[in-house]
Amino acid sequence: MVKRLQQLELHPARTLAIGFAALILLGSLLLGLPFVTQSGRSVPFIDAFFTATSAVCVTGLITLTTADTWNFWGQLIILLLIQVGGLGIMSTATIGIFLTGKRFSLSDRFALKESFDEISYSGVIRLAKSILWLTLVIEAIGALLLSLSFVPIYGLKQGLWFGVFHAISSFCNAGFDLIGAQSIRPLQSNASITLPIAWLIIIGGLGFSVLTDLFQLRQTKKLRLHTRFVLLMTLVLIVSATVAFFWAEYHNPLTLGPLSLADKLENAFFQAITPRTAGYSTLNQWELTAQSQALTMLLMFIGGSPGSTAGGIKTVTFGLLIATVISVVRGRDDTEIFRRRIPRQTIDRAIAIMVISLAVVTLPLLALISLNPELSASLIAFETMSAYGTVGLGAGITARFDEVSKMILIITMFIGRVGPLTVLFALAEKARSTNQLRYPEGRIHIG
Numbered sequence: 044m045v046k047r048l049q050q051l052e053l054h055p056a057r058t059l060a061i062g063f064a065a066l067i068l069l070g071s072l073l074l075g076l077p078f079v080t081q082s083g084r085s086v087p088f089i090d091a092f093f094t095a096t097s098a099v100c101v102t103g104l105i106t107l108t109t110a111d112t113w114n115f116w117g118q119l120i121i122l123l124l125i126q127v128g129g130l131g132i133m134s135t136a137t138i139g140i141f142l143t144g145k146r147f148s149l150s151d152r153f154a155l156k157e158s159f160d161e162i163s164y165s166g167v168i169r170l171a172k173s174i175l176w177l178t179l180v181i182e183a184i185g186a187l188l189l190s191l192s193f194v195p196i197y198g199l200k201q202g203l204w205f206g207v208f209h210a211i212s213s214f215c216n217a218g219f220d221l222i223g224a225q226s227i228r229p230l231q232s233n234a235s236i237t238l239p240i241a242w243l244i245i246i247g248g249l250g251f252s253v254l255t256d257l258f259q260l261r262q263t264k265k266l267r268l269h270t271r272f273v274l275l276m277t278l279v280l281i282v283s284a285t286v287a288f289f290w291a292e293y294h295n296p297l298t299l300g301p302l303s304l305a306d307k308l309e310n311a312f313f314q315a316i317t318p319r320t321a322g323y324s325t326l327n328q329w330e331l332t333a334q335s336q337a338l339t340m341l342l343m344f345i346g347g348s349p350g351s352t353a354g355g356i357k358t359v360t361f362g363l364l365i366a367t368v369i370s371v372v373r374g375r376d377d378t379e380i381f382r383r384r385i386p387r388q389t390i391d392r393a394i395a396i397m398v399i400s401l402a403v404v405t406l407p408l409l410a411l412i413s414l415n416p417e418l419s420a421s422l423i424a425f426e427t428m429s430a431y432g433t434v435g436l437g438a439g440i441t442a443r444f445d446e447v448s449k450m451i452l453i454i455t456m457f458i459g460r461v462g463p464l465t466v467l468f469a470l471a472e473k474a475r476s477t478n479q480l481r482y483p484e485g486r487i488h489i490g
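Count along the sequence shown starting at 1, add 43, and that's the number in our numbering.
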């Protein structure tokens, strides 16, 4: 029994889940202190708990306006939670191992592999080191670019802080802002702010292994299959969504209608990016047309790429499912990407992730609808999808939920951030099963 408990403690998925939960609890306690608020009074624990969960899970949904509720120390706590949550528990723990000079154990390497969604142990330590300096460099460049625009508006001290905060929040796909209750909508025509934020979101959503592969292209001369597929899916989703939003909102007097052509393109581009899975908004989400709202929810469900700071089922999962459908329609047994045959186990995992994700979204959705009959089901669906995809785009109803409803969203955000890692690990364990027993094949009718 003791041996079994020791094995459970070393279980990588368990380590990650407990690490995220512990960080959320610590953040909740810190945000519950009176000296971190603007008023000098403690906020209700459920709101501190919700904010900490949203920050660690890099979601961005809030029950209290960040700029109006928290002073500098409260905002700094939120920013640190975002940074650790965005990098991941294992990445942050790697810093401590580096600083103390300790050696990485096999269990450390295994946990890192699961955290980064890597296929093998090979190179995970090198990848962890690359992630740390890449994150620092990218966020520093983003902070500099944003500060150049924020300082003339808000002054030197506040402008620099805004630059740092929004650079980290953007790269980690968190969506927390210090502008006010309207997110960054007051800055929708300021391309010097919205475009750097958009590109930080894109870069953060590619995945750390993809970024490392791109930075090493000069030496390797070739991109991995995974990197090429991620770049393809990202490009397709951004371009197609930009065109769709531009077309659907062009004459909408509440969104793109009053803007110039250049601002229309800029905001359509931003709206195509932010649902995967940043949460910043330059447009009021509930003033979008029905088509745009539906597309936004789809993008929130898809999310970013594996091993990134983004949530959702991931672009690769979505792309593999589409490729599999095409293969079935063509009567082919194999799913092929860039003239490479994808292993059946990978396809099975993609299907499992899709089914599990649909279930995880549906259950809290039904619960929230039953608990809040006075609210529109479509509003609740938008909020639930945003929570699971760790997006942060809201329909403005989060603060109106009671404590039970807020707890449901907290659990949904936590599963959205940690759940896919646990599911992938469980499926990998199943794939490595030593049981060689195979039953006779049977046929059933489908379709």
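Built from N, CA and C at the ideal position, the CB exists for glycine as well. For clarity, every value in this text was computed on a predicted model and none was experimentally measured.
- According to DSSP, residue pairing for Arg383 in a beta bridge involves Ile380.
- Ranked by how close their Cα comes to the Cα of Leu68, the residues Met456, Ala186, Ala91 and Phe78 have Ala91 in first place.
- Residues Thr360, Leu363 and Leu364 of the same chain have their beta carbon placed closer than 7 Å to that of Ala393, with the five preceding and five following residues left out of the count.
- Rounded to whole angstroms, the separation of the alpha carbons of Gly83 and Pro77 is 5 Å.
- Comparing alpha-carbon positions, the option among Lys449, Gln314, Tyr482 and Phe251 lying closest to Leu414 turns out to be Lys449.
- Taking 8 Å as the cut-off, the Cβ atoms of Val434 and Gly103 count as close.
- Following the DSSP letters along the chain, one finds Leu274 inside the alpha helix (DSSP H) bounded by residues Leu268 to Glu292.
- A check of alpha carbon separations from Phe115 across Leu66, Ile356 and Leu203 identifies Leu203 as the nearest.
- Between the segment 391–408 and the segment 422–436, the count of C-beta pairs closer than 8 Å reaches three or more; the two stretches touch.
- For Ile440, no alpha helix (DSSP H) encloses it, and the DSSP letter there is neither H nor E.
- Annotation: the continuous alpha helix (DSSP H) that includes Pro239 extends over Ala234 to Gly247.
- The Cβ-Cβ distance between Gly250 and Ser400 does not fall below 8 Å.
- Looking from the CA of Leu130, the closest CA among Pro229, Phe63, Ser85 and Met456 belongs to Phe63.
- Secondary structure at Thr96: helix, using DSSP grouped into helix, strand and coil.
- Per DSSP, reduced to three states, the secondary structure at Thr80 is strand.
- Cα atoms of Pro239 and Leu188: separation of roughly 7 Å, rounded to the nearest angstrom.
- For Val127, the uninterrupted alpha helix (DSSP H) segment begins and ends at Phe115 to Leu130.
- Annotated three-state conformation of Phe219 is coil, per DSSP.
- With distances taken between CA atoms, Arg271 lies nearest to Leu257 out of Leu452, Ala186, Leu257 and Leu191.
- CA-to-CA, the gap between Trp113 and Ser335 works out to about 33 Å.
- Comparing alpha carbon positions, the residue from Val461, Glu484, Ile454 and Ile458 closest to Ile89 is Ile454.
- Within the segment 288–326, the complete alpha helix (DSSP H) runs of at least 4 residues fall at 304–316.
- Its Cα nearest to that of Glu309, the residue Arg228 stands out among Gly347, Arg228, Glu379 and Arg267.
- Within a 10 Å sphere around the beta-carbon of Gly322 sit 16 or more other beta-carbons, which makes this residue buried.
- Annotated three-state conformation of Gln225 is coil, per DSSP.
- Ala60 places its beta carbon 8 Å or farther from that of Val404.
- DSSP, read as helix, strand or coil, puts Arg375 in coil.
- Residue range Ala333 to Ile345 is occupied by the alpha helix (DSSP H) that includes Gln334.
- In the structure shown, Leu408 adopts helical secondary structure according to DSSP, grouped into three states.
- Trp204: member of the alpha helix (DSSP H) spanning Leu199 to Phe214, first to last residue.
- Here the alpha carbon of Leu230 sits roughly 22 Å from the alpha carbon of Gly247.
- Counting of Cβ neighbours within 10 angstroms places His294 among the exposed residues, the total staying below 16.
- Bounds of any alpha helix (DSSP H) do not take in Leu418, whose DSSP letter is neither H nor E.
- Contact between Thr106 and Thr441 holds, since their C-beta atoms are separated by about 6 Å, short of 8 Å.
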